[in-house]
């Protein structure tokens, strides 16, 4: 700090940071949390001098019924509670604290992710697969939030487009992966929870995945954009959004494909289009590819919801009529990869098993990947990492 | 909910949302917070049955020394604490809760912003200026995060580019505003804290601001990108970053201009370039425009730090040598607008006053805008809203 005026600027603005100012003024200890040791141990710390009980909570700790697992933290010097884990395997982890029953994020860690309406902190333990989810010193693609017109839905809608490193300074045309989120998600989900741009940057740099565009639309047709990004303003996101599984999105999906193909330098044919999604996005991928049976050479169903089931006398929406017929046309037209991935403990395991039997009956070829675990982003990040290297070969 | 399988999907994934699951299982009340009434009253609520004292804290409440102001919330039914404000004037507000001395975000509000390392919740009260900070039903520009090569700094660095609505489907060339953050900020700051894309979308839709690109680079030359977005991984952001005010950024800034002008459809001349910034970004704008005295027709200094002051016998970095001489060249070359804005209670008020006197002595014309308030994003959003309509006329 050589220059007095810089120093003054620093000091005064420093004091304007509420939490920093508070700590500085009260002489409270500086908190480092989480602290990752080289051996994979992670130490969490939180300053809560007046608390009676502080717990660390995460879906990676042994679960407590339906709630994520938790462990008690120990109170130490100056009211700082802490907990150090055993060495953790490489992964992207989420966590929160529970202070006297109140669930909260870690004030020392500004790295957060939103899953539907729940915000948690994140950290990454290095190794495999964690390194794939990190920003590394590799060429980076461009990530754009862009609005497209949907003539079918009669509105402008927001989507996320990943263009691979080099796209802007090339004359080459690229293939496209359409990557769809699950229920409660939106055009942000694959970027934040799924680490899609990091996975693509890293796999492309390793030569494992071909440079491609990844288009991440919003699958909730009643929304223009993610909560907070559309004119409805800030509202609490909900898991179920109207009209997400009634055929409207599927029957208007080609609006997105047409937009991308007339606005980006891409190869606009079946052999250069892939579609994949998780849970509801897998459901959408199944039906969109079947309803446009000569449009996608690559289909990925990650922990997919499969079919709506007729309840009582309500007729199925027309989009879910004639499933076997359309699948048969898709089969006859041919495709390169129909990839189904599911975790052993996924609540959709049985539905996926029945769907595989249905495909077998139709003589429709697919590749099946069964993993450990259930209906989790941990699995979907792995599925994306395994799926993209198989595309456009 | 017509279809059983959809229902099952919904229910099971619903239970995977930790906080929702907890509430659902424990029969806790659904919390709506903040709740905005039409008259501008805002009600905050938080479930904390075991807490002894809960406060609402925000920089818009009467301050408590250097800490933001706070008010006590009242404990009501089922352990829900609440507080309702008087009608608040239109604005974007930040807040947090303090539960038995522990400062935390609002778990019912997933809309957050990070200022250096501090995360707070946000909400917007409608009217003026709040409506300008909202996403409205107007055409939206595209916001891209892109990496550019800096030959001068010898690295790839990340920046944010706003292209105006219609950019992609036009053959027109556009002017460019380079918009710089303050100390502790990065290429995200103007987008999140400054609501730059909303302000531009809205002012362009109202015909008040000409369509232009807004380029928001990272002014910390020791960083490739914002914390968490570069290969250093997740680390706690700090207010002072090395080498931010030593001339390195200023003397390499034209790398960014060259990148933009060779990668975007823009008008590449002085009359179509503006540069502006807040605090340290105002300091950068002052020196970059002076060191490139025939490059920018529009300069905006928002609550700017002005000059580094020599301390002891350390020589000033060469970039800050010959200030009067370079300003005189800038004056002689001519420019259309040199805009200085400062709040009456800004700790940099005196430095700005001295700078205005210095410009007067040099006979260098400027426009001065004095506002209420101090060194705050509230002022910087207003300054951006007032500055952009004057550009490229």
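Chains as they are written, first to last, in the numbering used here: chain A, 52 to 444; chain B, 52 to 444.
All C-beta atoms, glycine included, are put in the ideal place defined by N, C-alpha and C.
{"Check": "Using a Cβ-Cβ cut-off of less than 9 Å, give me the residues of the stretch 430 to 443 of chain A that come near chain B, in sequence order.", "Outcome": "none"}
{"Check": "Hey, would you say the C-beta of residue 173 (chain A) is under 8 Å away from at least one heavy atom of the ligand FMN?", "Outcome": "Among the components modelled here there is no ligand, and therefore nothing to report on the ligand FMN."}
{"Check": "Have a look at B:130, B:286, B:300, B:219 and flag the residue whose alpha-carbon is nearest the alpha-carbon of residue 311 (chain A).", "Outcome": "B:219"}
{"Check": "Should the stretch 183 to 192 of chain A be called in touch with the stretch 242 to 253 of chain A, which here means at least 3 C-beta pairs below 8 Å?", "Outcome": "yes"}
{"Check": "Which residue wins for smallest C-alpha separation from residue 37 (chain A), given the options A:181, A:247, A:183, A:145?", "Outcome": "This structure does not reach residue 37 (chain A), given that chain A is present from 52 up to 444, and the question cannot be answered."}
{"Check": "Opposite residue 150 (chain B) in the DSSP bridges: which residues?", "Outcome": "B:105, B:153"}
{"Check": "Can you name the residues that DSSP bridges to residue 164 (chain A)?", "Outcome": "A:171"}
{"Check": "Would you call the stretch 362 to 370 of chain B and the stretch 398 to 406 of chain B touching, i.e. three or more CB-CB distances under 8 Å?", "Outcome": "no"}
{"Check": "Taking the alpha carbon of residue 284 (chain A) as the point to measure from, which residue in B:80, B:85, B:432 has its own alpha carbon closest?", "Outcome": "B:85"}
{"Check": "Answer yes or no: do residue 155 (chain B) and residue 288 (chain A) have a C-beta to C-beta separation smaller than 9 Å?", "Outcome": "no"}
{"Check": "Please report the Cβ distance between residue 167 (chain A) and residue 210 (chain A), rounded to the nearest whole angstrom; I am assuming they are in contact, meaning their Cβ atoms lie under 8 Å.", "Outcome": "Incorrect: roughly 19 Å between the Cβ atoms, too far for contact."}
{"Check": "What are the residues of the stretch 160 to 172 of chain B that lie near chain A, defined by any Cβ-Cβ distance shorter than 8 Å?", "Outcome": "160, 161, 162, 163, 165, 166, 167, 168, 169, 170, 171"}
{"Check": "Are three or more beta carbon pairs between the stretch 421 to 429 of chain B and the stretch 371 to 389 of chain B nearer than 8 Å?", "Outcome": "no"}
{"Check": "At which residues does the beta strand (DSSP E) containing residue 327 (chain B) begin and terminate?", "Outcome": "324 to 329"}
{"Check": "Would you check if the stretch 220 to 235 of chain A and the stretch 266 to 281 of chain A touch, i.e. whether three or more CB-CB distances between them fall below 8 Å?", "Outcome": "yes"}
{"Check": "Measure the CB-CB distance between residue 165 (chain B) and residue 161 (chain A) and report whether it falls below 9 Å.", "Outcome": "yes"}
{"Check": "In three-state terms, what does DSSP make of residue 433 (chain B)?", "Outcome": "helix"}
{"Check": "Between the stretch 407 to 415 of chain A and the stretch 322 to 339 of chain A, can you find at least three pairs of beta-carbon atoms closer than 8 Å?", "Outcome": "no"}
{"Check": "Can a CB atom of chain A be found closer than 9 Å to the CB of residue 374 (chain B)?", "Outcome": "no"}
{"Check": "Would you mind working out which of B:95, B:262, B:127, B:117 sits nearest residue 137 (chain B), comparing C-alpha positions?", "Outcome": "B:95"}
{"Check": "Is residue 347 (chain B) close to chain A, meaning its C-beta is less than 9 Å from at least one C-beta of that chain?", "Outcome": "no"}
{"Check": "Just confirm the distance between the C-beta atoms of residue 390 (chain A) and residue 358 (chain A), as a whole number of angstroms; I'd bet it's less than 8 Å.", "Outcome": "The Cβ separation is near 18 Å, so there is no contact."}
{"Check": "Go through its chain and collect everything with a Cβ distance to residue 59 (chain B)'s Cβ below 8 Å, but skip five positions before and after it.", "Outcome": "Low confidence applies here, because residue 59 (chain B) scores a pLDDT of 47, under 50, leaving its location unreliable and the question unanswered by this model."}
{"Check": "Is there a C-beta anywhere in chain A that falls below 9 Å from the one on residue 207 (chain B)?", "Outcome": "yes"}
{"Check": "With 16 other CB atoms within 10 Å as the buried threshold, where does residue 439 (chain A) fall?", "Outcome": "buried"}
{"Check": "Alpha carbon to alpha carbon, how far is residue 382 (chain A) from residue 394 (chain A)?", "Outcome": "26 Å"}
{"Check": "For chain A, is any of its Cβ atoms less than 9 Å away from the one on residue 198 (chain B)?", "Outcome": "yes"}
{"Check": "Would you kindly check if the distance between the Cβ of residue 217 (chain A) and the Cβ of residue 180 (chain A) is under 9 Å?", "Outcome": "no"}
{"Check": "List, in chain order, every chain A residue whose beta-carbon is nearer than 8 Å to that of residue 284 (chain B).", "Outcome": "175, 185, 186"}
{"Check": "Comparing the C-beta of residue 287 (chain A) with each C-beta of chain B, is any distance below 9 Å?", "Outcome": "yes"}
{"Check": "Can you look up residue 206 (chain A) in the DSSP assignment and give me helix, strand or coil?", "Outcome": "strand"}
{"Check": "Taking the alpha helix (DSSP H) that residue 300 (chain A) belongs to, which residues open and close that run?", "Outcome": "299 to 303"}
{"Check": "Name the residue from A:134, A:294, A:255, A:260 whose alpha carbon lies nearest to the alpha carbon of residue 274 (chain A).", "Outcome": "A:294"}
{"Check": "Measure the beta-carbon distance from residue 303 (chain B) to residue 388 (chain B) and round it to whole angstroms, keeping in mind my assumption that it falls under 8 Å.", "Outcome": "With 8 Å as the limit, residue 303 (chain B) and residue 388 (chain B) do not qualify as a contact, their Cβ atoms being about 25 Å apart."}
{"Check": "Excluding the five sequence neighbours on either side, which residues of its own chain have a C-beta within less than 8 Å of the C-beta of residue 282 (chain A), listed in chain order?", "Outcome": "275"}
{"Check": "What three-state label does DSSP hand residue 352 (chain A) in the structure shown?", "Outcome": "strand"}
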